[in-house]
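What follows is a short report on a single structure.
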Amino acid sequence: MHKVEKNIHEIVGEVQDGATILVGGFGLCGIPELAIEAIRQKGIKDLTVVSNNCGVDDWGLGLLLANKQIKKMIASYVGENKTFEQQFLSGELEVELTPQGTLAERIRAGGAGIPAFYTATGVGTLIAEGKPVKEFDGKEYIEERAIVGDYAFVKAWKADKLGNLVYRKTARNFNPIIATAGKITIAEVEEIVEVGELNPDEIHTPAVFVQHVILGEGYEKKIEKRTLKVEEAIG
Amino acid sequence: MHKVEKNIHEIVGEVQDGATILVGGFGLCGIPELAIEAIRQKGIKDLTVVSNNCGVDDWGLGLLLANKQIKKMIASYVGENKTFEQQFLSGELEVELTPQGTLAERIRAGGAGIPAFYTATGVGTLIAEGKPVKEFDGKEYIEERAIVGDYAFVKAWKADKLGNLVYRKTARNFNPIIATAGKITIAEVEEIVEVGELNPDEIHTPAVFVQHVILGEGYEKKIEKRTLKVEEAIG
Amino acid sequence: MSVKERIVKRAVKEIGNGMNVNLGIGMPTLVANEIPSDYQVLLQSENGLLGIGPYPDESEVDPDLINAGKETVTAVPGASFFDSAESFAMIRGGHIDVAILGGMEVSEKGDLANWMIPGKMVKGMGGAMDLVQGAKRVIVIMEHVSKYGESKIKKECTLPLTGKKVVHRLITELAVFDFTEKGMVLIELASGVSIEDIREKTEADFLVSENLIKYA
Amino acid sequence: MSVKERIVKRAVKEIGNGMNVNLGIGMPTLVANEIPSDYQVLLQSENGLLGIGPYPDESEVDPDLINAGKETVTAVPGASFFDSAESFAMIRGGHIDVAILGGMEVSEKGDLANWMIPGKMVKGMGGAMDLVQGAKRVIVIMEHVSKYGESKIKKECTLPLTGKKVVHRLITELAVFDFTEKGMVLIELASGVSIEDIREKTEADFLVSENLIKYA
Chain A
1 MHKVEKNIHE
11 IVGEVQDGAT
21 ILVGGFGLCG
31 IPELAIEAIR
41 QKGIKDLTVV
51 SNNCGVDDWG
61 LGLLLANKQI
71 KKMIASYVGE
81 NKTFEQQFLS
91 GELEVELTPQ
101 GTLAERIRAG
111 GAGIPAFYTA
121 TGVGTLIAEG
131 KPVKEFDGKE
141 YIEERAIVGD
151 YAFVKAWKAD
161 KLGNLVYRKT
171 ARNFNPIIAT
181 AGKITIAEVE
191 EIVEVGELNP
201 DEIHTPAVFV
211 QHVILGEGYE
221 KKIEKRTLKV
231 EEAIG
Chain B
236 MHKVEKNIHE
246 IVGEVQDGAT
256 ILVGGFGLCG
266 IPELAIEAIR
276 QKGIKDLTVV
286 SNNCGVDDWG
296 LGLLLANKQI
306 KKMIASYVGE
316 NKTFEQQFLS
326 GELEVELTPQ
336 GTLAERIRAG
346 GAGIPAFYTA
356 TGVGTLIAEG
366 KPVKEFDGKE
376 YIEERAIVGD
386 YAFVKAWKAD
396 KLGNLVYRKT
406 ARNFNPIIAT
416 AGKITIAEVE
426 EIVEVGELNP
436 DEIHTPAVFV
446 QHVILGEGYE
456 KKIEKRTLKV
466 EEAIG
Chain C
471 MSVKERIVKR
481 AVKEIGNGMN
491 VNLGIGMPTL
501 VANEIPSDYQ
511 VLLQSENGLL
521 GIGPYPDESE
531 VDPDLINAGK
541 ETVTAVPGAS
551 FFDSAESFAM
561 IRGGHIDVAI
571 LGGMEVSEKG
581 DLANWMIPGK
591 MVKGMGGAMD
601 LVQGAKRVIV
611 IMEHVSKYGE
621 SKIKKECTLP
631 LTGKKVVHRL
641 ITELAVFDFT
651 EKGMVLIELA
661 SGVSIEDIRE
671 KTEADFLVSE
681 NLIKYA
Chain D
687 MSVKERIVKR
697 AVKEIGNGMN
707 VNLGIGMPTL
717 VANEIPSDYQ
727 VLLQSENGLL
737 GIGPYPDESE
747 VDPDLINAGK
757 ETVTAVPGAS
767 FFDSAESFAM
777 IRGGHIDVAI
787 LGGMEVSEKG
797 DLANWMIPGK
807 MVKGMGGAMD
817 LVQGAKRVIV
827 IMEHVSKYGE
837 SKIKKECTLP
847 LTGKKVVHRL
857 ITELAVFDFT
867 EKGMVLIELA
877 SGVSIEDIRE
887 KTEADFLVSE
897 NLIKYA
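Chains as they are written, first to last, in the numbering used here: chain A, 1 to 235; chain B, 236 to 470; chain C, 471 to 686; chain D, 687 to 902.
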């Protein structure tokens, strides 16, 4: 079934206030720019957002934060965003900080029908508070729960019209697992090819996980820390 | 560090009697033929073998079974092998049948440092006996434990000299997860290319998981059920 | 039309256009041939393929390309390959729209037994236990009675279970049942079959749907 | 040589040829520059890259290629990209030989605190909690005392922990300690530093190795 849609605004229009959305990307790398902008324009409120980071003040998920659309954020690192600090301190924003590997595994578990798993990550720290602890082979582990989203928004490099996805370099990051963990998954991509053009051995996200594909244009792909070779930087 | 070795027999020579070995493949598809033959020749005994199937009477893991080298088998389906039945009924062979998805997830968990996870698979069946049960969101799940092997033997299509692996079609199957779950992982491949020749976006198993790479020759790739289009079969 | 053909022709109606479907080994595999040619359906094979194609001709046979029944197959355009953990993430995670499986016994509660017969050699459950728990809809297809004339639709399964309360719909050559909160419900009768015929050949208790469909 | 340089030059000795290594953000990142050029070391970046290369020149800058510190980087030949779940499977599963991380406080039991200061804005732990539990060896590098002259090596950490009993080795500009069953052991002194100097600047109790190495 071809899944290519013309209009991200139509799809985003179905997202209800209060929804849980999963958003791909690491920092500003590999984020679904179009979806974030469409959600901002639509003004959907009280969102629970699951994403490794929360963008910067004027880009990425920072746009939704600035617009006060986020009620709760589940992330591993939010240090690049000043708006975040303000809303958190004022109590407007609820935050669940999760170790990055645990966040990734919780999302993967959500997509894979695993309701909970054990990890040593966070044992003996604040993260373990309130979580069941169990010993395996003499070592302590904590139980972590799966995450599933009402919607998952991912950014891929290429899609075919069935929704098979291929990512590029480190823009892959959380996107493939987030694609599996949304009840509805929307992929925005830089290029759409005909069915059969992607090598089936090289597909990162099989079409079964993707409900809608959107062709994006004019990706800004902002860079947070443009770091150059020292010779170049000086020279 | 280049990991290409000349001699599978030397590596297999390090495997001790009583070791737990994980073996890739589904049926006879994508099995490490060389490693199995080397283990047979070396006569390593009392092996615990984790593999989805146990080959057929005269090929694949069936060779080790015929040679009475397997003490315990952890698998999801062993119905293609008559030797299996004899040894099982005579009590020579211990068997732990595990649902295929649970087997795959247990192996993945072993490679990923997850000691245990919950699944609905097998709830209310023989498989659940003796396993902790826990309810999440009103539904029952059973706890399943991770599997780690002393050695993991996989078959890939191509490797580079660092040990990055690429698989071909459904010969991928259990191989990538098994590659992650061995304390020592040995990959045998049909072709070895120079470092840098594999596209980093298309690598299925990153080099970190692989300790030794062996170039195989003369793969038989036996077919269990050669099934043809009806027209062709008749015509 | 043979009993198998009848069942298969009814079973294919469970597959909608655009669905992702897993067909079990044996009779369920035959359902693939009946899928309307204008449908875009992706067939999943739990060994790591989404988009099973027809059996190959001689020149296409590839030992690296098999289905979960270990038969040589082809892959359709748009197919993808993946490892076994991802394959069962698809299945367990509820991404497969329909799984069609064979059965040895089904109970009135929707329990399924289809993997072992005590006393006979245990072959293993393969992916069946995962499929019945994970697929959005689980359709069992089987003959209504055993070769000894015994009902395979039981009050309680006598064989070891594959899954408990997992069957959504059961299709036999005589009837179709749904499993609901209220119990097992007869929803369709095959042509020339009466409710009494079904009662006689069915050990399980069942309700009769108000919208019972009879095939003329 | 600055304090940082000293620490970094000592830290690089923890990296052996052929290892897979994760370097934390900040000072640990500088260790990469000191790895002998004839070593084949793969640097892992937890956002999904094994084989980090040097920073790019202008023409190589690619917004799709960053490290865990969100800096633009390159990838070495033989590098691979993967998703975040696989990246932490690598880390949590014990496939990374060495992780070198910065620290705010280390306790004599090998506890590490390096992610939050109560009262200051919480930024998040990123991948640090996974790294300290998963890497085969966890090396912490930090200055011996705070800018207020207080020992950062504590009897008990005062800051919230990143991990409990996770540090294998601690490297400061003055000394190197190992964490063993018997307790924290001083194994190396920097040039011109005495055991008494270390006792004075270290709140934690420690043993002195019989094979204490002194750098002339």
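No residue lacks a Cβ here, since even glycine has one placed at the ideal position from N, Cα and C.
On the DSSP bridge assignment, give the partners of A159 of chain A in chain order.
-> The residue you call residue 159 of chain A lines up with position 159 of the first sequence. Under DSSP, A159 of chain A takes part in a beta bridge, and its partners are A:L165 and A:I192.
Name the chain C residues that come within less than 7 Å of A112 of chain A, Cβ to Cβ?
-> The residue you call residue 112 of chain A lines up with position 112 of the first sequence. Simply A559, R562 and G563.
What residue ranges within the region 540–609 of chain C form continuous beta strand (DSSP E) runs of no fewer than 3 residues, ordered along the chain?
-> Unbroken beta strand (DSSP E) stretches of 3 residues or longer found wholly inside the region 540–609 of chain C: 545–551, 568–572 and 575–577, given in chain order.
Nearest residue (CA-CA) to E249 of chain B, options B:V443, B:A387 and B:R407 | For the purposes of this step, residue 249 of chain B is identified with residue 14 of the second sequence, where counting begins at 1. Cα-wise, what sits closest to E249 of chain B is B:A387.
Near L328 of chain B, what residues of its chain come up, given a Cβ to Cβ distance below 8 Å and the 5 sequence neighbours on each side ignored?
-> For this step, residue 328 of chain B is matched to residue 93 along the second sequence. For L328 of chain B, same chain residues with a beta-carbon under 8 Å away, outside a window of 5 residues either side, are L300, I305, K306, K307, M308, F319 and Q322 in chain order.
Nearest residue (CA-CA) to V166 of chain A, options A:A146, A:Q16, A:A187 and A:G149 | Working through the first sequence from its first residue, we reach residue 166 of chain A at position 166. If we check each option's Cα against that of V166 of chain A, A:A187 comes out closest.
Buried versus exposed call for L535 of chain C [16 or more other C-beta atoms within 10 Å across all chains shown] = Start at 1 with the first residue of the third sequence, and residue 535 of chain C comes out as number 65. Buried.
Starting from E882 of chain D, trace the alpha helix (DSSP H) both ways and give me its first and last residue.
-> In the fourth sequence, the residue the question calls residue 882 of chain D occupies position 196. Note, E882 of chain D: alpha helix (DSSP H), I881 to K887.
For G739 of chain D and F767 of chain D, believed in contact at Cβ under 8 Å, the rounded distance = The residue you call residue 767 of chain D lines up with position 81 of the fourth sequence. The residue you call residue 739 of chain D lines up with position 53 of the fourth sequence. Between G739 of chain D and F767 of chain D the Cβ distance is about 13 Å, and since that is not below 8 Å, they are no contact.
Which value, in whole angstroms, describes the spacing of the CA atoms of D797 of chain D and L856 of chain D?
-> Along the fourth sequence, one-based indexing puts residue 797 of chain D at 111. Along the fourth sequence, one-based indexing puts residue 856 of chain D at 170. Answer to the nearest angstrom: the Cα atoms are 11 Å apart.
Applying the criterion that 16 or more other CB atoms from any shown protein chain within 10 Å of the CB defines a buried residue, is E429 of chain B buried or exposed?
-> The count along the second sequence starts at 1 and reaches residue 429 of chain B at position 194. Classified as exposed, E429 of chain B has fewer than 16 neighbouring CB atoms from the shown chains inside 10 Å of its CB.
Is D46 of chain A near N81 of chain A, with beta carbons less than 8 Å apart?
-> Within the first sequence, the letter at position 46 stands for residue 46 of chain A. Within the first sequence, the letter at position 81 stands for residue 81 of chain A. No, these two residues do not count as a Cβ contact at 8 Å.
Within 8 Å (strictly less), CB to CB, does M308 of chain B reach chain D?
-> Stepping through the second sequence from its first residue, residue 308 of chain B is reached at position 73. With 8 Å as the cut-off, M308 of chain B does not count as an interface residue toward chain D.
Identity of the residues DSSP links to H447 of chain B by a beta bridge = Residue numbering aside, residue 447 of chain B sits at position 212 when the second sequence is read from its first letter. Answer by DSSP bridge pairing, in chain order: B:I421.
Span of the alpha helix (DSSP H), counted from its first residue to its last, around G346 of chain B = Counted from its first residue, the second sequence places residue 346 of chain B at position 111. Segment Q335 to A347, the alpha helix (DSSP H) holding G346 of chain B.
Of the listed residues A:G30, A:L97, A:V148 and A:F26, nearest to A128 of chain A (C-alpha basis) = Within the first sequence, numbered from 1, the residue matching residue 128 of chain A stands at position 128. Measuring from the Cα of A128 of chain A, the nearest candidate turns out to be A:L97.
Nearest neighbour of P200 of chain A, chosen from C:V543, C:I505, C:A549 and C:V576 [CA to CA] | Here the question's residue 200 of chain A lines up with position 200 in the first sequence. Each of C:V543, C:I505, C:A549 and C:V576 was checked against the Cα of P200 of chain A, and the nearest Cα belongs to C:A549.
Tell me which same chain residues have a C-beta within less than 8 Å of the C-beta of P687 of chain C, skipping the five on either side of it?
-> Any question about residue 687 of chain C goes unanswered here, given that chain C covers just 471 to 686.
Just how far apart, CA to CA, sit K155 of chain A and G521 of chain C?
-> Here residue 155 of chain A refers to the residue found at position 155 of the first sequence. Here residue 521 of chain C refers to the residue found at position 51 of the third sequence. Using only the alpha carbons, I get a separation of about 23 Å.
Sort out for me which residues DSSP pairs M308 of chain B with in a bridge.
-> Counting from 1 along the second sequence, the entry for residue 308 of chain B is found at position 73. Per DSSP, B:V284 and B:V330.
Near A104 of chain A, what residues of its chain come up, given a Cβ to Cβ distance below 7 Å and the 5 sequence neighbours on each side ignored?
-> Within the first sequence, numbered from 1, the residue matching residue 104 of chain A stands at position 104. The beta carbon of A104 of chain A is closer than 7 Å to those of F174 and I177 in its chain, skipping five residues each way along the sequence.
Determine whether the Cβ of Q603 of chain C lies closer than 8 Å to any Cβ atom of chain B.
-> Reading the third sequence from its first residue, position 133 is the one you call residue 603 of chain C. Residue-level contact by beta carbon holds for Q603 of chain C and chain B, with a gap shorter than 8 Å.
Beta-carbon proximity list for L631 of chain C, same chain, < 6 Å, skipping 5 on both sides = Along the third sequence, one-based indexing puts residue 631 of chain C at 161. Closer than 6 Å at the Cβ level, and outside the excluded window around L631 of chain C, lie D581 and A583.
Is it a yes or a no for the region 110–120 of chain A touching the region 824–836 of chain D, going by three-plus beta-carbon pairs under 8 Å?
-> Counting C-beta pairs closer than 8 Å gives fewer than three between the region 110–120 of chain A and the region 824–836 of chain D, which falls short of the contact rule.
Count the C-beta pairs between the region 779–794 of chain D and the region 876–885 of chain D that are closer than 8 Å, then say yes if the count reaches three, no if not.
-> Proximity of the region 779–794 of chain D to the region 876–885 of chain D falls short of the contact definition, fewer than three beta-carbon pairs being nearer than 8 Å.
Spell out whether any CB of chain A is found under 8 Å from the CB atom of S554 of chain C.
-> Start at 1 with the first residue of the third sequence, and residue 554 of chain C comes out as number 84. No Cβ of chain A is located within less than 8 Å of the beta carbon of S554 of chain C.
What first and last residue would you give for the beta strand (DSSP E) that runs through F261 of chain B?
-> As a first step, residue 261 of chain B is located in the second sequence; it is residue number 26 there, counting from the start. Looking at the DSSP string, F261 of chain B is not in any beta strand (DSSP E), and its letter there is neither H nor E.
For the candidate residues B:E379, B:V445, B:W392 and B:N399, whose alpha-carbon lies nearest to that of A414 of chain B?
-> Working through the second sequence from its first residue, we reach residue 414 of chain B at position 179. Of all alpha-carbon atoms in B:E379, B:V445, B:W392 and B:N399, the one lying nearest the alpha-carbon of A414 of chain B is that of B:V445.
Would you mind telling me which residues of chain C sit closer than 7 Å to G262 of chain B, beta carbon to beta carbon, in chain order?
-> In the second sequence, the residue the question calls residue 262 of chain B occupies position 27. Neighbours of G262 of chain B across chain C, judged by C-beta separation under 7 Å: I536 and K540.
Provide the residue span of the beta strand (DSSP E) that contains E480 of chain B, from first to last.
-> No answer is possible for residue 480 of chain B: the residues shown for chain B start at 236 and end at 470.
How should V368 of chain B be labelled, buried or exposed, when 16 other C-beta atoms within 10 angstroms of its C-beta is the threshold for buried?
-> In the second sequence, residue 368 of chain B corresponds to position 133, counting from 1. That one is exposed.
If you count every other CB in all the chains shown that lies within 10 Å of the CB of K6 of chain A, and 16 or more means buried, which is it?
-> The count along the first sequence starts at 1 and reaches residue 6 of chain A at position 6. With fewer than 16 other beta carbons inside 10 angstroms of its own, K6 of chain A counts as exposed.
From the DSSP output, in three-state form, read off L677 of chain C for me.
-> By one-based count along the third sequence, residue 677 of chain C stands at place 207. In this structure, L677 of chain C counts as strand in the three-state DSSP scheme.
Does DSSP classify N175 of chain A as helix, strand or coil?
-> The residue you call residue 175 of chain A lines up with position 175 of the first sequence. DSSP places N175 of chain A within a helical segment (H, G or I) once states are collapsed to three.
With distances taken Cα to Cα, identify the nearest neighbour of A754 of chain D among D:I899, D:H854 and D:T715.
-> Here the question's residue 754 of chain D lines up with position 68 in the fourth sequence. Measuring from the Cα of A754 of chain D, the nearest candidate turns out to be D:T715.
DSSP beta-bridge partners of S837 of chain D | Counting from one through the fourth sequence, the residue named residue 837 of chain D turns up at place 151. Beta-bridge pairing links S837 of chain D to D:V831.
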